[in-house]
Each structure stands twice: as structure tokens, then as C-alpha cells.
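Asker: My questions all concern the structure below.
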Amino acid sequence: MLTTAESVLFDKDAKTLWKECLSLIKNNVPFITYNTWFLPIKPFEVENNTLKIYVPNNFFIEWIEEHYNTLINRTVTQVLGPEAKLVYVIYDEKEPVEEPAIKQLVVPITSSVQETKPRDFETYLNPRHTFENFIKGEGNQLARAAAFAVGDNPGQTSFNPLFVYGGVGLGKTHLIHAIGNRILEQGKNKRVVYISSDAFTVEFVEAIQNDTVNEFSSFYKSMDALIIDDIQFLIGKEKTQDLFFQIFNTLHQSGRQVILSSDKAPKDLKGLNERLISRFSWGLSADIQPPDFETRVAILKNKSESYGIILSREILEYIAQNITSNIRELEGCLIKLLANSSLNSKEIDFELVKKTVREVSTNKQVNVSIDLITTVVCSHFSIEENKLREKNRRKEVVFARQVAMYLSKTLTKSSLKTIGLHFGGRDHSTVIHSQTSIEQLVQSDTKVKDMIDALRNKIEMSAS
Ligand code: ADP
Ligand code: MG
Numbered sequence: 007m008l009t010t011a012e013s014v015l016f017d018k019d020a021k022t023l024w025k026e027c028l029s030l031i032k033n034n035v036p037f038i039t040y041n042t043w044f045l046p047i048k049p050f051e052v053e054n055n056t057l058k059i060y061v062p063n064n065f066f067i068e069w070i071e072e073h074y075n076t077l078i079n080r081t082v083t084q085v086l087g088p089e090a091k092l093v094y095v096i097y098d099e100k101e102p103v104e105e106p107a108i109k110q111l112v113v114p115i116t117s118s119v120q121e122t123k124p125r126d127f128e129t130y131l132n133p134r135h136t137f138e139n140f141i142k143g144e145g146n147q148l149a150r151a152a153a154f155a156v157g158d159n160p161g162q163t164s165f166n167p168l169f170v171y172g173g174v175g176l177g178k179t180h181l182i183h184a185i186g187n188r189i190l191e192q193g194k195n196k197r198v199v200y201i202s203s204d205a206f207t208v209e210f211v212e213a214i215q216n217d218t219v220n221e222f223s224s225f226y227k228s229m230d231a232l233i234i235d236d237i238q239f240l241i242g243k244e245k246t247q248d249l250f251f252q253i254f255n256t257l258h259q260s261g262r263q264v265i266l267s268s269d270k271a272p273k274d275l276k277g278l279n280e281r282l283i284s285r286f287s288w289g290l291s292a293d294i295q296p297p298d299f300e301t302r303v304a305i306l307k308n309k310s311e312s313y314g315i316i317l318s319r320e321i322l323e324y325i326a327q328n329i330t331s332n333i334r335e336l337e338g339c340l341i342k343l344l345a346n347s348s349l350n351s352k353e354i355d356f357e358l359v360k361k362t363v364r365e366v367s368t369n370k371q372v373n374v375s376i377d378l379i380t381t382v383v384c385s386h387f388s389i390e391e392n393k394l395r396e397k398n399r400r401k402e403v404v405f406a407r408q409v410a411m412y413l414s415k416t417l418t419k420s421s422l423k424t425i426g427l428h429f430g431g432r433d434h435s436t437v438i439h440s441q442t443s444i445e446q447l448v449q450s451d452t453k454v455k456d457m458i459d460a461l462r463n464k465i466e467m468s469a470s
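See the structure below:
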């Protein structure tokens, strides 16, 4: 972390730009990866189209480049424009404040890294989620086998729709991306798109506002395979469900593939339209159960090797014994371990492993929705929920709205756009503004900090 004096050195524009980059990055990487690898980066300055950022050490550069090169490229060009360049500067915390130590300049990025797109739309498939790196285990056997079949023969099996369900962090998203990637591998011109049901809703609301519902619906009806993640978020959204029902029917009738995921089995999706639930049972519902011990060890081994580290059997087993809930946490623990060892230049020994496991297990993540945040915040301030969506500028309402936006940004993976839309169609800069104002208050005012902590606890306790 940099001291306040140091951060004064930083150009304000670079700060703002980097903040924008961060909020985009945050939506695209696991929470712990974000905290470990992206948060420690500080903006340095911006000159013409070049954004210079401080990173703690060389290892950071290598790691980010290896794992998130495309993402960071895309993000920087999105925020700064197509000519953008990014330069990493390594900082050394022990150097005097007045002279930030520039030990090394690395210029890795040009916009040429961007892939050429064979189609006129974005598939939103993450190329890193493949079958090859999806480890088989007892808990995911059926889902994985069905996914394979669908990936090889979309629309041609009786698994239509394929409905994958299970708890948080068990691999649903990974698996349905893998199907999409597989379909594209087999047929480059296949039309495949991935979208979360939340984003689908947001796009639909926008389409209504812009009077483009027809285009919206024909786009999805034109797919060979439509992949919708976390379908449980359609609950309570009647109009979106109606439209989805139509799209579903069109695709299904013409032998095209629908792939869905959810946190619950179709029959347990209380509040979802019955006719959708009955459609879901036309195909195959396959659940994913938490991984057993052997699978956890196998996943850890595979992931650590992909990060370029070899851990002893003893260490792998220790982690697998102590982190049992889900795969996202296993992964989080490895990343944190790597970060702890690289930041403190320490070997990965048993002590570091124990310390890291302790840290990770006291830092559990839960599934939080913007609606839940809104409810908790409004009840705390005794404000009606619709006030947050209106143009109401009463001081208490403005503050509550900012708090709700801030919590939505920190506790969910929703994009700025999604959050803005939840709060009466405000635009993304308003969300960023709320986020920074509350962040500043949290730092300067312990009362606000305590309140935010209490709200966060309450939200996390009420979630999943
Ligand atoms: P969910 O969507 O069920 O909450 P994700 O698909 O996001 O879970 O999985 C969480 C993390 O765990 C992802 O990084 C994913 O790549 C990884 N993961 C999940 N299942 C497996 C598996 N069987 N093998 C390897 N990695 C997995
Ligand atoms: Mg998921």
C-alpha cells in the first residue's frame, strides 16, 4: 500500500482512469484475484494515450500478463481509446516518498493483441473455461458428461435444455462456458452467446426504453446455442420471463440448444413462471455437488501447476482438508498463497499455508443480489425502496442511495451499468461517484465505517 503522501504525487487523471479500469476488471475476475493482483496496483500518470501504473514487483507483471493479458488490454482500450498503451512501473515502498523508484519500465501492451472477431457479436465466452481444465469428480460426473454430449452435438441430444444446478462456486459457470467453447471449436461459424440472466434483464429493460425489443429478441432467437447463467435471477421479473419463454420456444422448436444454470433445481425455483419450469424439465437437469476430498486435491494440483508452482502432497492435502465448501475458495486460497509468498518473498512452506488457509476461511463469500442490498439498506434508513429509484434529492435518500450503490459495487459482481439501472436508470458515472464518496467517508469517519460494516454483515447473513 502507498502512503497518502505518495498518492498525492499521482496525477489525478490517471487515478480516475485507473479507477474506471478497475471497475471493469472487477466484473471479470474472481473476487480474490481482484483483491490480490489488481487492487495493489496504483495509477502513476497518464501521458497522451499511455497510462502508467505502479506494480509492487516483477512477479505481478508476469502473472497479470500470463493470466489476464487480454482482459487488461481490452479494458485499457475501452477506457482510454483504441490507441491506448499501458506501461508498468515497479515501485519500491522503502524508497523516499519524493522520488518514486522507477526500477524498470516494461511496455507490453499494444492494441494489436486483440483477437480478430469472426462474427458480428461478442460471445462473452471465457476461453479459459474449457473441458480440458474442468476436473472430473463424483459431484460433477453427470453434469460434465451431459455437457460434453451437448458440446459435441448441440441441439441434437435429448438434453435440451441442459439445466445445470448447484451451490456457489461449484463450477456451473465454468461448465456452461466450456460447452460454448466446445461448440465453437467444432463449428467456427456457430452462433453461440453467453449471458447471465441479470444482464439479460438489463438488456431487455434497455431495449424497452429504446424501443428495440424486436431486435433484442431476434438476436437471441438467431442463436444456435443460447447459454443463460444464474436463471434464478429471473424470479420476480415477469416481463423478462415472458420474453425468455418466447425465445426459448423458438430455439427449442427449431432444434437449437438452450443451456441454463441455476442455484436450485427447476422445481425449487419458487416464483418462476410454471410454464418455464415445465419447459426446463423437457431436457436434462443435472446437479453439481461439492467436490469430495480426492477431487479437491486433484483440482488444487491442477490449478497450482497451471500457476507454475509445485506443491507437496502434504500441502495439497492440508488445503483440501481445510477448505471444503467449494472450488472458488480452493482457487482463492491458492492465489492468496501465491500472493503471500511473492509479496513477502517467502517460500511456500507449511507455515505460510496454514496462515493462508486461516485467512481464507475467515473471509467467506456469499451470493448477494442488488435487490437484497436495496431491501437491507432501505430498512436501515427507514426509506421506501422506490425512493431510491426516483429522482428524489432529499439528503437522506441521496445518502441511502449512495450507500446501496457502494455496497452493490463491493458485494456483487454487477457492472456499473447494471447497478445504475437498478437505481432508476442512473448512468455509470453516478455509480462511480457514489462509490468514491462512500469510500472516502469510510476512511475518514468511523461512524460511517461501522455502519457500512454492520450493513454488510446483515446483507451477508441474509444472503444464500
Ligand atoms: P459457480 O458458477 O457454480 O458459482 P464457477 O464456475 O464460477 O462456479 O467456479 C468457480 C471457480 O472454480 C472457477 O474459477 C472455476 O474455473 C473453478 N472450477 C469449478 N469447478 C471446477 C472443476 N471441476 N475443475 C476445475 N476448476 C473448477
Ligand atoms: Mg456462476
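Quick note: the sequence shown uses my numbering, first residue 7, plus one each step. Glycine included, every Cβ here is placed at the ideal spot set by N, Cα and C.
Write down the C-beta distance between residue 471 and residue 247 rounded to the nearest angstrom, noting that I regard them as a contact closer than 8 Å.
Answerer: Here the chain comprises residues numbered 7 to 470, so residue 471 is not present and cannot be evaluated.
Asker: Under 7 Å: does the beta carbon of residue 32 sit that close to some heavy atom of the ligand ADP?
Answerer: Position 26 of the sequence shown, counted from the start, is the residue given in the question as residue 32. No, since every heavy atom of the ligand ADP falls outside the 7 Å radius drawn around the Cβ of residue 32.
Asker: Just confirm the distance between the C-beta atoms of residue 397 and residue 208, as a whole number of angstroms; I'd bet it's less than 8 Å.
Answerer: Numbered from its first residue, the sequence shown carries residue 397 at position 391. Numbered from its first residue, the sequence shown carries residue 208 at position 202. Rounded, the Cβ-Cβ distance is 20 Å, inconsistent with contact.
Asker: Could you give the DSSP three-state label for residue 297: helix, strand or coil?
Answerer: Position 291 of the sequence shown holds residue 297. Note: residue 297 maps to coil in three-state DSSP.
Asker: Near residue 312, which residues of its chain fall below 6 Å by C-beta distance, leaving aside the five closest residues on each side in sequence?
Answerer: The residue labelled residue 312 in the question sits at position 306 within the sequence shown. The answer is none, since no qualifying residue turns up.
Asker: Let's test the definition: count the other Cβ atoms within 10 Å of the Cβ of residue 411 and tell me whether it reaches 16, buried, or not, exposed.
Answerer: Within the sequence shown, the letter at position 405 stands for residue 411. Burial is judged here by how many other beta carbons sit within 10 angstroms of a residue's own beta carbon; residue 411 has at least 16 and is buried.
Asker: Any idea what DSSP makes of residue 172, helix, strand or coil?
Answerer: Counting from 1 along the sequence shown, the entry for residue 172 is found at position 166. In the three-state reduction of the DSSP assignment, residue 172 falls in the strand class.
Asker: What residues does the ligand MG have around it, judged by CB closer than 7 Å to any heavy atom, in chain order?
Answerer: 178, 179, 235, 236 and 267
Asker: Give the range of the beta strand (DSSP E) segment to which residue 233 is assigned.
Answerer: The sequence position of residue 233 within the sequence shown is 227, counting from 1. It spans 231 to 235 - the beta strand (DSSP E) in which residue 233 sits, taken as one unbroken run.
Asker: Relative to the C-alpha of residue 332, which candidate in 256, 146 and 441 has its C-alpha closest?
Answerer: Here residue 332 corresponds to residue number 326 of the sequence shown, with the count starting at 1. The candidate whose alpha carbon is nearest that of residue 332 is 146.
Asker: According to the Cβ coordinates, are residue 63 and residue 96 closer than 8 Å?
Answerer: Position 57 of the sequence shown holds residue 63. Position 90 of the sequence shown holds residue 96. Yes.
Asker: Grouping DSSP H, G and I as helix and E and B as strand, with all else coil, what is residue 51?
Answerer: Sequence index remark: in the sequence shown, residue 51 carries index 45 (1-based). Strand at residue 51.
Asker: State the DSSP-derived secondary structure class of residue 184, mapped to helix, strand or coil.
Answerer: Residue 184 sits at position 178 when you count from the first residue of the sequence shown. Residue state, collapsed to three classes: helix.
Asker: Within 7 Å: the Cβ of residue 139 and any heavy atom of the ligand ADP?
Answerer: Along the sequence shown, read from residue 1 onward, the residue named residue 139 stands at position 133. Answer for residue 139: yes, Cβ within range of the ligand ADP.
Asker: Quick one, which of 218, 163, 212 and 133 has its alpha-carbon nearest residue 181's?
Answerer: Taking the first residue of the sequence shown as 1, we reach residue 181 at position 175. Per the Cα distances, 133.
Asker: Given that a residue counts as buried once 16 or more other Cβ atoms are within 10 Å of its Cβ, and exposed if not, what is residue 455?
Answerer: Numbered from 1 along the sequence shown, position 449 holds the residue referred to as residue 455. Exposed: under 16 other Cβ atoms inside 10 Å.
Asker: State the Cα-Cα distance for the pair residue 87 and residue 149, rounded to the nearest angstrom.
Answerer: Looking up residue 87 in the sequence shown gives position 81. Looking up residue 149 in the sequence shown gives position 143. Distance between the alpha carbons of residue 87 and residue 149 is about 41 Å.
Asker: Should residue 183 go down as buried or exposed, given a rule of 16 or more other Cβ atoms within 10 Å for buried?
Answerer: Counted from its first residue, the sequence shown places residue 183 at position 177. So residue 183 counts as buried.
Asker: Give every residue of the same chain whose Cβ lies closer than 6 Å to the Cβ of residue 278, excluding the five residues on either side of it in the sequence, and list them in chain order.
Answerer: Within the sequence shown, residue 278 is the residue found at index 272, counting from 1. Same-chain partners within the cutoff: 241.
Asker: Since residue 337 contacts residue 360 with CB under 8 Å, what's their CB separation in whole angstroms?
Answerer: Here residue 337 refers to the residue found at position 331 of the sequence shown. Here residue 360 refers to the residue found at position 354 of the sequence shown. Not quite, the Cβ-Cβ distance comes to about 18 Å (not below 8 Å), so this is no contact.
Asker: Is residue 135 close to the ligand ADP? I mean its beta-carbon at under 7 Å from any heavy atom of the ligand.
Answerer: As a first step, residue 135 must be located in the sequence shown, where it is residue number 129. Yes, the beta carbon of residue 135 sits closer than 7 Å to at least one heavy atom of the ligand ADP.
Asker: With distance defined between alpha-carbon atoms, name the residue in 203, 314, 447 and 263 nearest to residue 162.
Answerer: Working through the sequence shown from its first residue, we reach residue 162 at position 156. Measuring C-alpha to C-alpha distances from residue 162 to each of 203, 314, 447 and 263 identifies 263 as the nearest.
Asker: Answer with buried or exposed for residue 459, where buried requires no fewer than 16 other C-beta atoms within 10 angstroms of its C-beta.
Answerer: Locating residue 459 in the sequence shown gives position 453, counting from the first residue. So residue 459 counts as exposed.
Asker: What beta strand (DSSP E) runs, 3 residues minimum, are completely inside the segment 193 to 221?
Answerer: List check, beta strand (DSSP E) in window: 198 to 202.
Asker: Closest to residue 281 by CA distance: which of 302, 250, 441 and 268 is it?
Answerer: Mapped onto the sequence shown, residue 281 falls at position 275. Among 302, 250, 441 and 268, the Cα nearest to that of residue 281 is on 250.
Asker: Verify the contact flag: residue 186, CB atom, against every heavy atom of the ligand ADP, threshold strictly below 7 Å.
Answerer: Against the sequence shown, residue 186 aligns to sequence position 180. Residue 186 Cβ: outside cutoff for every heavy atom of the ligand ADP.
Asker: Contact between the segment 429 to 445 and the segment 23 to 40 is defined here as three or more beta-carbon pairs at a separation below 8 Å; is this criterion met?
Answerer: Touching, per the Cβ criterion.
Asker: Report the rounded CA-to-CA distance for residue 128 versus residue 76, giving the unit in angstroms.
Answerer: Residue numbering aside, residue 128 sits at position 122 when the sequence shown is read from its first letter. Residue numbering aside, residue 76 sits at position 70 when the sequence shown is read from its first letter. Looking at the backbone, the Cα of residue 128 and that of residue 76 are separated by about 14 Å.
Asker: Which residue or residues does DSSP assign as beta-bridge partners of residue 292?
Answerer: As a working note, residue 292 is residue 286 in the sequence shown. Note: residue 292 sits in a beta bridge opposite 170.
Asker: According to the neighbour-count rule (16 or more other Cβ atoms, all chains shown, within 10 Å of its Cβ), is residue 408 buried or exposed?
Answerer: Residue mapping note: residue 408 aligns to position 402 of the sequence shown, counting from 1. Label assigned to residue 408: buried.
Asker: Taking only three categories from DSSP, how would you classify residue 56?
Answerer: Residue mapping note: residue 56 aligns to position 50 of the sequence shown, counting from 1. Residue 56 falls in the strand class under three-state DSSP.
Asker: Given 7 Å as the limit, tell me if residue 157 has its C-beta closer than that to any heavy atom belonging to the ligand ADP.
Answerer: The residue you call residue 157 lines up with position 151 of the sequence shown. No, the Cβ of residue 157 stays beyond 7 Å of every heavy atom of the ligand ADP.
Asker: Per DSSP, what kind of secondary structure is residue 266 in: helix, strand or coil?
Answerer: For the purposes of this step, residue 266 is identified with residue 260 of the sequence shown, where counting begins at 1. Three-state DSSP puts residue 266 in a strand.
Asker: Is residue 146 a contact residue of the ligand ADP, with contact defined as CB to any heavy atom under 7 Å?
Answerer: By 1-based counting over the sequence shown, the position of residue 146 is 140. At least one heavy atom of the ligand ADP is nearer than 7 Å to the Cβ of residue 146, so yes.
Asker: Around the Cβ of residue 399, are there at least 16 other Cβ atoms within 10 angstroms (buried) or fewer (exposed)?
Answerer: The residue you call residue 399 lines up with position 393 of the sequence shown. Under this definition residue 399 is an exposed residue.
Asker: Which value, in whole angstroms, describes the spacing of the CA atoms of residue 94 and residue 54?
Answerer: In the sequence shown, counting from the first residue as 1, residue 94 sits at position 88. In the sequence shown, counting from the first residue as 1, residue 54 sits at position 48. Those two C-alpha atoms are separated by around 16 Å.
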